[in-house]
Every structure is written in C-alpha cells, then in structure tokens.
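Here's the structure we're looking at; comments come further down.
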Amino acid sequence: MEEVELIKRRMLRELVSRRGSTAGSARCPYERWARAPTFNDALSKCKVALADFWAEWCGPCRLTEPIFEELAAKYAGRVAFLKVNVDENPDLAVQYDVMSIPTMIVFKGGKEFKRFIGYSPLLARQLDLTLQGLIAG
Numbered sequence: 001m002e003e004v005e006l007i008k009r010r011m012l013r014e015l016v017s018r019r020g021s022t023a024g025s026a027r028c029p030y031e032r033w034a035r036a037p038t039f040n041d042a043l044s045k046c047k048v049a050l051a052d053f054w055a056e057w058c059g060p061c062r063l064t065e066p067i068f069e070e071l072a073a074k075y076a077g078r079v080a081f082l083k084v085n086v087d088e089n090p091d092l093a094v095q096y097d098v099m100s101i102p103t104m105i106v107f108k109g110g111k112e113f114k115r116f117i118g119y120s121p122l123l124a125r126q127l128d129l130t131l132q133g134l135i136a137g
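The sequence shown stops at residue 137 when you use the UniProt record's numbering, and every number in between is there.
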C-alpha cells in the first residue's frame, strides 16, 4: 500500500512539473525545495502562494503532503506552491515565526493571509476554500 502511495505522489509531482514547464514564465511555480531566493521570488511574482513548512522526521507532515500535492495539481500555474524544509532553511522558518510543523501559510500579494498549523481532517477543505476565494477575488 505504501508503495502505491509513493507512486501516486511521484506521478502527481511529474504532472505538476509538466504543467508548469509548458506555460510561459508568468505562471506561478511549484518549488519542491524552496530556499529564500526562490521563495521570495515566487511571493513577488504570484498573487497567491501556499507555503508548506515541514521536516522529513515529522509524522504529521507526511499526512499533509498528499493534501499539498493535490492542491498543487489543482491550482498549477495559478498559485505558487512552496515546500520549505525547516531543517535546511531555518532562516525562513524564523522569518515567518514557524514554531511547530507542519505549518501551511497562505500568502496574498506577498503578505501572510492565513496560517494553518498541524494536521486536521478538515485541512484539505479549508485550504481549498481559502485558495478558491483568493483566486476568485
């Protein structure tokens, strides 16, 4: 079962990267390993962004990963998706006051709009509705 999940995630990432590579440079990126320069560039380029602050050792982060991947596929090119490994990018975690993980931050116009901390069964729906509202408005 775990192998099937890994294959699904890999295929979803490939789909997202293909969608992003076929469009012009105005499309919002999916940054699997976001660092400060690419993170800040995406925030300045895109009206809406979703950042996932996570770590490999974090169990709840594994629960939020499929949610992030599905949203990245659904909103490819319209929303910047940025995965920030807090162990590799502690400066970004400090800059955005990330005190626990997983933390997902929705940005609008480069500014924090809404923050989701931890995992909840309602997280996918809450994030989806938030992104829909920002894109529509």
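Every residue, glycine too, gets a C-beta built ideally from N, C-alpha and C.
Which residue wins for smallest C-alpha separation from residue i, given the options the options?
i: K45; options: E65, P66 and Y30; result: Y30
i: E56; options: Y96, A136, T130 and N89; result: N89
i: K114; options: E65, L122, A49 and R78; result: A49
i: V86; options: A80, G77, C28 and I101; result: I101
i: T64; options: L71, L127, P37 and Y119; result: Y119
With 16 other CB atoms within 10 Å as the buried threshold, where does residue i fall?
i: M104; result: buried
i: V94; result: exposed
i: L129; result: exposed
i: K74; result: exposed
i: A136; result: exposed
Could you check how far apart the C-beta atoms of residue i and residue j are, in whole angstroms? I think they sit under 8 Å.
i: V98; j: F53; result: 5 Å
i: L134; j: K108; result: 5 Å
Quick one: grab the DSSP three-state call for residue i.
i: E31; result: strand
i: A72; result: helix
i: A49; result: strand
i: V136; result: Val is not the amino acid found at residue 136; the sequence shown has Ala there. If DSSP states are grouped into helix, strand and coil, A136 belongs with the helices.
i: A55; result: coil
i: V106; result: strand
i: E65; result: helix
Can you tell me where the alpha helix (DSSP H) holding residue i begins and where it ends?
i: L82; result: Taken as a continuous stretch (DSSP letters only), L82 belongs to no alpha helix (DSSP H), being part of the beta strand (DSSP E) at A80 to N85.
i: D97; result: Note, D97: premise wrong, no alpha helix (DSSP H); not H, not E.
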